[in-house]
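Residue numbers (the numbering used here), protein chains in the order written: chain A, 1 to 318; chain G, 1001 to 1277.
Glycine included, every Cβ here is placed at the ideal spot set by N, Cα and C.
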């Protein structure tokens, strides 16, 4: 690990100013950032870490005017165990409860879970070993010709095949959430982008401050399921969140594409129908109509299809 | 533990000193410590106990600087026994002397008393009876295969093991647990992946190298037998890593889905075997 300085920010303005200089990085829970720094995976290294946990008023869960508001530095463990979120925003509580391990959930924040960088074992190889990676400003996606068992089944974005691993991202998309920053409001489904190396649309000096989730329509239910190699720790092979009933269905997946993936064809297949085994299976099949799997990840198509079906059926238990 | 048992010493009074210059120093585990060392340790400890009993009587009934022996004149070593790191008179246990006050019976300038033993342990009971002890552990696995996702879940581990004599139950059980953990990982999740173009290892950390966690382990059911048929101390034969298994889960998967999947049976391989990937 290289040396860096650490600043406890007292206000968003202070943090934003320091961040805009280009040599600083935000740290909250640090569960993704410190691994990146320790492994030295990027060609550049931050000179300063700006701790935003010290900014008052960023750690809260509250309902105001029919909207669930969660501060950016709220810990995932608090979201997973919150009784209102468990009851009304079920998919989000379930997603937060499946992130990594209890230790990580006690450290990791919701903002950090959304802004974490993508997972790719070429991109994340320590000491910047695959330095011509497109996400590092190079020209090569090593996964295309290499071992791509965990990569995108929906093609590349900006030539990158890495997937975004957030568990809470599809839940927030399914729940029609909004990400609030110190500058603007962004619909959750438009929050992620493939950049170099960032994975969000956040600009210089822009910081997530709050996540807003509108109360689900009357009669709506949501659910989240995750498929991973192990029952704890692992990032998803595929995860899925849905909200059905009381309006048009919303279905989102992650770890299947470079950005969290809203399965609009699955939503269309289910629209206007109750969730039954037949309609859920039809939605599952529709969700993977547009796949273009790589040599080693065709199995993810089958898992994605199954997970959409099962997550829809799980709403009956939610 | 064997020394404490044989000498009537407190467990905490037994100290093990390892020779850091020795190329191999056996440890007290179930793999080979029990079988390789416990018999000769037991023999040495028994010999040392005899010396301790003699020392407790002292030359001429005197305990050197400690004064007269607490035992009546005419007491013989066979009238004494040991417990809790003391020598006591069998007919009156209130008369006793701690090990720490004993004097070497052959050299009153030294307080240490020691004994050595060597030789070959007796043959195992079953060998002695003209049979071979060729089955000491059996293992059973029940799995569930999700044919839609390729997930394999071990529902039950059942182990029937004959360690001859259980020396320390928690050590024995933990040895079985860790072997099962290794076996599950080897057959289901653990794989070192190399990039074929560059030869660089891609599984660089414990996120990418999938060691099973405790949540991935099925409940362990153990039925432990004590036949005392081994040739180590008290008939122990050890537990060893003989329960380590590279293919029992793979065989169970084949029984479940009718297809062979090479380990590790990860979802991609299972779905490929089922024609779904």
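Here residue 1188/G is near residue 1152/G, since their CB atoms are less than 7 angstroms apart. Here residue 12/A is near residue 182/A, since their CB atoms are less than 7 angstroms apart.
Less than 7 angstroms separates the beta-carbon of residue 91/A from that of residue 174/A. Proximity of the region 148-156 of chain A to the region 280-298 of chain A meets the contact definition, three or more beta-carbon pairs being nearer than 8 angstroms.
A distance below 8 angstroms between beta-carbons, with the five flanking residues on each side excluded, links residue 1274/G to the following residues of its chain, in chain order: 1147, 1150, 1257 and 1259. Chain order gives no chain A residues near residue 1182/G, where near means a beta carbon separation below 7 angstroms; the closest approach is about 15 angstroms.
Residue 1263/G does not reach chain A, its nearest Cβ partner there being about 14 angstroms away, counting only Cβ pairs nearer than 9 angstroms. For residue 1250/G, the enclosing alpha helix (DSSP H) starts and ends at 1248-1257.
The straight-line gap separating the alpha-carbon atoms of residue 86/A and residue 104/A is approximately 20 angstroms. If the five residues before and after residue 124/A are omitted, its C-beta is found closer than 7 angstroms to the C-beta atoms of 39 and 41, all from its own chain and listed in chain order. Using a Cβ-Cβ cut-off of 9 angstroms, residue 126/A is close to 1204 and 1205 of chain G, given in chain order. A Cβ-Cβ separation of about 18 angstroms leaves residue 197/A out of contact with residue 254/A under the 8 angstroms criterion.
Within chain A, the residues placing a beta-carbon under 9 angstroms from that of residue 1271/G are 298, 299, 302 and 303, ordered along the chain. Rounded to the nearest angstrom, the Cβ distance from residue 1083/G to residue 1008/G is 5 angstroms, consistent with a contact under 8 angstroms.
Between residue 302/A and residue 1037/G, the CB-CB gap reaches or exceeds 7 angstroms.
Distances from the CA of residue 1101/G to each of 1113/G, 1091/G and 1050/G were compared; the closest alpha carbon is that of 1113/G. Around residue 269/A, the same chain offers 282, 283 and 286 as residues with beta carbons nearer than 6 angstroms, after the five sequence neighbours per side are excluded. The C-alpha of residue 1217/G is placed about 48 angstroms away from the C-alpha of residue 1087/G. Residue 17/A and residue 209/A have their C-alpha atoms some 15 angstroms from each other. Taking each of 1238/G, 1033/G and 1215/G in turn and checking the Cα distance to residue 1226/G, the smallest one comes out for 1238/G. The beta strand (DSSP E) runs of length 3 or more contained entirely in the region 1166-1254 of chain G are, from start to end of the chain, 1220-1224. Residue state for residue 148/A is assigned as coil, using DSSP reduced to three classes.
Rounded to whole angstroms, the separation of the alpha carbons of residue 213/A and residue 130/A is 39 angstroms. Burial state of residue 1015/G is exposed, judged by a 10 Å Cβ sphere holding fewer than 16 other Cβ atoms.
The Cβ atoms of residue 119/A and residue 224/A lie no closer than 7 angstroms to each other. Each residue's CA atom was taken as its position, placing residue 233/A and residue 1207/G some 7 angstroms apart.
For residue 199/A, DSSP assigns no beta-bridge partner whatsoever.
Residues of the same chain with a CB within less than 7 angstroms of the CB of residue 203/A, apart from the 5 flanking positions on each side, do not exist. One alpha carbon belongs to residue 294/A, the other to residue 256/A, and they sit about 11 angstroms apart. Under the three-state reduction of DSSP, residue 1057/G is assigned to helix. Distance between residue 1233/G and residue 1163/G, taken at the CA atoms: about 12 angstroms. The alpha-carbon separation between residue 246/A and residue 297/A amounts to approximately 35 angstroms.
In the structure shown, the three-state DSSP call for residue 302/A is helix. Beta-bridge partners assigned by DSSP to residue 1006/G: none are found.
121, 122, 124, 125, 126, 129, 130, 142, 145, 146, 147 and 149: these are the residues of the region 121-153 of chain A whose beta carbon lies less than 8 angstroms from some beta carbon of chain G, given in chain order. Counting along the chain, no alpha helix (DSSP H) covers residue 42/A, and no H or E run does either.
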